[in-house]
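A.B. asks: Sharing a structure below in structure tokens format, with a few things to ask.
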Amino acid sequence: MPEKKIRVLIAKPGLDGHDRGAKVIARALRDAGMEVIYTGLRQTPEMIASAAVQEDVDVIGLSILSGAHNTICPQLMNLLREKGMTDVTVLVGGIIPEADISGLKKSGIAEIFLPGTSTQDIVDFIHKRVSHA
Amino acid sequence: MSDKPKGSTETLTPAETSSPRRRPSAKELAWEKDTLQPTLEKSSERPSDFTTTSGHPIRRLYTDADLPNWDPQSDLGLPGVPPYTRGIHPTMYRARLWTMRQFAGFGTAEDTNARFRYLLSQGQTGLSTAFDLPTLMGYDSNHPLSEGEVGKCGVAISSLADMEVLFDQIPLANVTTSMTINSPAAVIWAMYLAVAEKQGADWKKISGTLQNDILKEYIAQKEYIYPPEPSMRLVIDTFEFGVKNTPKFNTISISGYHIREAGSTAIQELAFTLRDGLEYVEWGMRRGLDVDQFVPQLSFFFNAHNDFFEEIAKYRAARRIWHKAIVERYKSKNPRSWALRFHTQTAGCSLTAQQPYNNVVRTAIQALAAVMGGTQSLHTNSLDEAWALPTEFAATIALRTQQIIAHETGVTNTVDPLGGSYFVETLTNEVERGAWDYIERIDAMGGMVAAIERGYPQREIAEASYRYQMAVDKKEKIIVGVNGFVSEEKPLETLQIDETVAHRQAARLSKLRAERSQAEVDRRLTSLRNAAKGKENLMPFIFDAVKSYATLGEICDAMRDVFGTYEEVAIT
Numbered sequence: 001m002p003e004k005k006i007r008v009l010i011a012k013p014g015l016d017g018h019d020r021g022a023k024v025i026a027r028a029l030r031d032a033g034m035e036v037i038y039t040g041l042r043q044t045p046e047m048i049a050s051a052a053v054q055e056d057v058d059v060i061g062l063s064i065l066s067g068a069h070n071t072i073c074p075q076l077m078n079l080l081r082e083k084g085m086t087d088v089t090v091l092v093g094g095i096i097p098e099a100d101i102s103g104l105k106k107s108g109i110a111e112i113f114l115p116g117t118s119t120q121d122i123v124d125f126i127h128k129r130v131s132h133a
Numbered sequence: 134m135s136d137k138p139k140g141s142t143e144t145l146t147p148a149e150t151s152s153p154r155r156r157p158s159a160k161e162l163a164w165e166k167d168t169l170q171p172t173l174e175k176s177s178e179r180p181s182d183f184t185t186t187s188g189h190p191i192r193r194l195y196t197d198a199d200l201p202n203w204d205p206q207s208d209l210g211l212p213g214v215p216p217y218t219r220g221i222h223p224t225m226y227r228a229r230l231w232t233m234r235q236f237a238g239f240g241t242a243e244d245t246n247a248r249f250r251y252l253l254s255q256g257q258t259g260l261s262t263a264f265d266l267p268t269l270m271g272y273d274s275n276h277p278l279s280e281g282e283v284g285k286c287g288v289a290i291s292s293l294a295d296m297e298v299l300f301d302q303i304p305l306a307n308v309t310t311s312m313t314i315n316s317p318a319a320v321i322w323a324m325y326l327a328v329a330e331k332q333g334a335d336w337k338k339i340s341g342t343l344q345n346d347i348l349k350e351y352i353a354q355k356e357y358i359y360p361p362e363p364s365m366r367l368v369i370d371t372f373e374f375g376v377k378n379t380p381k382f383n384t385i386s387i388s389g390y391h392i393r394e395a396g397s398t399a400i401q402e403l404a405f406t407l408r409d410g411l412e413y414v415e416w417g418m419r420r421g422l423d424v425d426q427f428v429p430q431l432s433f434f435f436n437a438h439n440d441f442f443e444e445i446a447k448y449r450a451a452r453r454i455w456h457k458a459i460v461e462r463y464k465s466k467n468p469r470s471w472a473l474r475f476h477t478q479t480a481g482c483s484l485t486a487q488q489p490y491n492n493v494v495r496t497a498i499q500a501l502a503a504v505m506g507g508t509q510s511l512h513t514n515s516l517d518e519a520w521a522l523p524t525e526f527a528a529t530i531a532l533r534t535q536q537i538i539a540h541e542t543g544v545t546n547t548v549d550p551l552g553g554s555y556f557v558e559t560l561t562n563e564v565e566r567g568a569w570d571y572i573e574r575i576d577a578m579g580g581m582v583a584a585i586e587r588g589y590p591q592r593e594i595a596e597a598s599y600r601y602q603m604a605v606d607k608k609e610k611i612i613v614g615v616n617g618f619v620s621e622e623k624p625l626e627t628l629q630i631d632e633t634v635a636h637r638q639a640a641r642l643s644k645l646r647a648e649r650s651q652a653e654v655d656r657r658l659t660s661l662r663n664a665a666k667g668k669e670n671l672m673p674f675i676f677d678a679v680k681s682y683a684t685l686g687e688i689c690d691a692m693r694d695v696f697g698t699y700e701e702v703a704i705t
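Taken in sequence, the protein lines are chains A and B. Residue 1 is where the first sequence starts when you use my numbering, and the numbers rise one by one after that. Residue 134 is where the second sequence starts when you use my numbering, and the numbers rise one by one after that.
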């Protein structure tokens, strides 16, 4: 029986429109055999949490380059908890200062991927994480 | 001839068959046979595909055989005259260096005003303003969607009161200012003009650049508010207003920078940008503007990426294409319309978070390409920008990089130092041909707005960006510190923008709303809304609203009421 495909929501929260990274990741994960839903631009944490529930995803990938991560990430994590989505793996990619990384991880972000990360590293991380869950 | 390939590439590329148009000299053929072949048989070339950053193939050697129909008189020409391959001024940097224009903006207007004054005190010669995302999207700092974004990517400007602080003690009569703002460009420009007026500066003499390039927002950067049609109307309104009132101001900076940052190739950057330029010209003419009155106020903005020669070829080809298109398509008679003037910024997307000090070197080489390509102004990125907005320390090194190129390298002593190089001229021809192919394809689609609506440039860029990422992932392209020569390192000190910026902005907006005449604001916004429903030029209405201290969000909302907003169909 074929294994159930890993479902990933790629989301672009906040006002920023720089979507190069989000699109590359969406395509790379799809090429790696995952089911990928891309939200499009300017999603609020509420919209992302609702989409995650509705699409029943295993992973949420947030692309944030605008510096708004310290506001957006904790809000999203609270909403996911409220909605009972405690087993979803949330990843962040983008421009994230070193000093903010530990705080984001404490809020429940599983991993932060900085510029220069290879798409294979992200694929491998998701496989390890989701099959262990 | 040996039939055994040695390197990963064709080991023995006969000059005469590598390009059907190539006619190598007897001397070159003899060199291939007697010198090159024995060398390759002894030791093969490196296992590389020898392509540019954009994937464009590069030959082992360029000779006169690569320029069969090339005429140095008509294709290269002389500087300051058509086709401008060698530059737009006869003396280039011997007369005046490029403007060193570092893009800056963060926090509140006070914070950025202090950075501006610091940069000017360090020898910077022009200003360039970065606005935060709420400002770029036409929201006030206290709008719910602004939460977490105020002052982060640039300075927060919600009203004329903020703009007055931003340019406090900076004489707009003497300093030229560039403003990176697009959807709400008309509003921010009106604020700037109001400050200039208050300072007593003559609008006829002030100079600067408004980015105001909405087409590349739909294509690449995605900071749009309204649908294309009313957005283009606003752009043409600023052209018309500029012709009459501010003849020295660049009313637009037609930008390839963001197209390249979104992952395009050099040829795509060039082609989409120039086709955007032609689109603006056509819309301006349709409004009834005289080509030779408004085109001289159009300026360009290109990226400077890693591949040194590809970038230089791109700038040289840009000038040649623009001249040809303006003269042939629109029958321009004014040489000021023919010369493509451009700003350059080094490639933000080339900066690495790993081994960040290497970014100083990358930026220096990119900046050198921009100078060798004849740029009119330049921004050099800071080493820490893959992490955060730059610290003052990092921003100073970036400015010093330009000063070193200008004063120590000697490249400014002569005009177009690479002119006549077999390689550079061939690459310039190839980049030009590639760009024309795209331009003609977009013409056939009915122009750039039509091409955008069917997602054509967006899809081409997404493809190129994915191809590049795969090449890096497979180590076909090596990025030092990222997929090669990797090492551990200590974290950098970065600039932190604290959340009090948002609170200070909210307090300032409350105070503004309490002090201004609400009746006056309402009256101005109603006039603007009514004008937006008709066909009049909106600049005077926006200017009046700005002067009544209506906020950016209120003014943009008045137009949202009439124009609606735009949502793209995301292409992945």
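Beta carbons are placed, not taken as given, at the ideal position from N, Cα and C, and that holds for glycine. Note that the structure is predicted; figures quoted are calculated from it, not measured.
1) Compute the distance between the beta-carbons of Ser311 of chain B and Phe236 of chain B, then report whether it is under 9 Å.
2) Using 8 Å for Cβ pairs, my map puts Gly284 of chain B next to Asp265 of chain B. What's the rounded Cβ distance?
3) Does the beta carbon of Asn70 of chain A come closer than 9 Å to any beta carbon on chain B?
4) Would you call the CB atoms of Ala521 of chain B and Ile95 of chain A closer than 9 Å?
5) If you draw a straight line from the alpha carbon of Asn633 of chain B to that of Ala22 of chain A, how long is it in whole angstroms?
6) Output yes if chain A places a C-beta closer than 9 Å to the C-beta of Ile789 of chain B; else output no.
7) Would Lys128 of chain A count as contacting chain B if we go by Cβ distances under 9 Å?
8) For chain A, is any of its Cβ atoms less than 9 Å away from the one on Ser187 of chain B?
9) Could you check if Ala577 of chain B is buried or exposed, using at least 16 other CB atoms within 10 Å of its CB as the buried criterion?
10) Look up Ile10 of chain A in the DSSP assignment and say whether it is helix, strand or coil.
11) How close, in whole Å, do the beta carbons of Val92 of chain A and Leu62 of chain A come, if the pair is a contact with beta carbons under 8 Å?
12) Does Val368 of chain B pass the burial test, meaning 16 or more other C-beta atoms within 10 Å, or should it be called exposed?
13) I want to verify the contact list: residues of chain B whose CB lies under 9 Å from the CB of Val57 of chain A, in sequence order.
14) According to DSSP, which residues form a beta bridge with Pro190 of chain B?
15) Considering only the alpha carbon of each residue, which of A:Ala26, A:Glu35, A:Thr117 and A:Gln75 lies closest to Ser50 of chain A?
16) Shortest alpha-carbon distance to Asn70 of chain A belongs to which of A:Pro13, A:Val123 and A:Arg27?
17) Would a check of beta-carbon distances place Leu76 of chain A closer than 9 Å to chain B?
18) Taking contact to mean 3 or more Cβ pairs, one atom from each stretch, closer than 8 Å, check whether the stretch 329–338 of chain B and the stretch 662–673 of chain B are in contact.
19) Contact criterion: CB-CB distance below 9 Å. Does Lys23 of chain A meet it with respect to chain B?
20) Is any beta-carbon of chain A found at less than 9 Å from that of Lys377 of chain B?
21) Is the separation between the beta-carbon of Phe433 of chain B and that of Thr406 of chain B shorter than 9 Å?
22) Quick check on the burial criterion: 16 or more other C-beta atoms within 10 angstroms. Buried or exposed for Arg495 of chain B?
23) For Thr313 of chain B, count neighbouring Cβ atoms within 10 angstroms of its own Cβ and tell me buried if that reaches 16, exposed if not.
24) Do the CB positions of Gly617 of chain B and Ile704 of chain B come within less than 9 Å of each other?
25) Could you give the first and the last residue of the continuous alpha helix (DSSP H) run that contains Thr162 of chain B?
26) Quick one: is Val92 of chain A near chain B, going by C-beta distance under 9 Å?
27) If you draw a straight line from the alpha carbon of Arg452 of chain B to that of Ala52 of chain A, how long is it in whole angstroms?
28) Counting beta carbon pairs with one atom in the stretch 544–558 of chain B and one in the stretch 437–449 of chain B, are three or more of them shorter than 8 Å?
29) Any beta carbon from chain B within less than 9 Å of Asp124 of chain A's own beta carbon?
30) For Ile95 of chain A, return the contacting residues in chain B, with the cut-off set at a CB-CB distance below 9 Å.
31) Would you please state the rounded distance, in angstroms, between the beta carbons of Ile594 of chain B and Ala584 of chain B? I believe it to be under 8 Å.
32) Please classify Thr71 of chain A: does DSSP put it in a helix, a strand, or coil?
33) With DSSP run on the structure shown, which of helix, strand or coil describes His18 of chain A?
34) Under 8 Å Cβ-Cβ, which residues of chain A neighbour Cys689 of chain B?
35) Which class does Leu625 of chain B belong to by DSSP, given the choice of helix, strand or coil?
36) Find the residues of chain B that neighbour Gln120 of chain A, judging by a C-beta separation of less than 8 Å, and give them in chain order.
C.D. replies: A quick look at the data gives this:
1) yes
2) Rounded, the Cβ-Cβ distance is 5 Å, consistent with contact.
3) yes
4) yes
5) It should be pointed out that residue 633 of chain B corresponds to Thr in this sequence rather than to Asn. Cα to Cα, Thr633 of chain B sits roughly 30 Å from Ala22 of chain A.
6) The structure shown does not extend to residue 789 of chain B, since chain B is modelled only from 134 through 705, so no value can be given for it.
7) no
8) no
9) exposed
10) DSSP places Ile10 of chain A in strand when its eight states are reduced to three.
11) 5 Å
12) The Cβ neighbour count for Val368 of chain B, taken over all protein chains shown within 10 Å, is at least 16; the residue is labelled buried.
13) Those within 9 Å of Val57 of chain A in chain B number zero; the least Cβ separation is about 16 Å.
14) Partner(s): B:Thr184.
15) A:Gln75
16) A:Pro13
17) no
18) Touching, no.
19) yes
20) no
21) yes
22) Classification of Arg495 of chain B: buried, given that the 10 Å Cβ count is 16 or more.
23) buried
24) No, these two residues do not count as a Cβ contact at 9 Å.
25) The amino acid occupying residue 162 of chain B in the given sequence is Leu; Thr does not appear at that position. It spans Ala159 to Trp164 - the alpha helix (DSSP H) in which Leu162 of chain B sits, taken as one unbroken run.
26) no
27) Inter-residue distance for Arg452 of chain B and Ala52 of chain A is about 49 Å (C-alpha atoms, whole angstroms).
28) Contact holds: three or more Cβ-Cβ distances are below 8 Å.
29) no
30) Against chain B, a Cβ distance below 9 Å from Ile95 of chain A picks out Ala486, Glu518, Ala519, Trp520 and Ala521.
31) So it is not a contact: roughly 12 Å between Cβ atoms.
32) Residue state, collapsed to three classes: helix.
33) For His18 of chain A, the secondary structure class from DSSP, reduced to helix, strand or coil, is coil.
34) The premise fails here: Cys689 of chain B is roughly 13 Å from chain A at the closest Cβ pair, so nothing lies under 8 Å.
35) Taken through DSSP and simplified to helix, strand or coil, Leu625 of chain B comes out as coil.
36) Asp606
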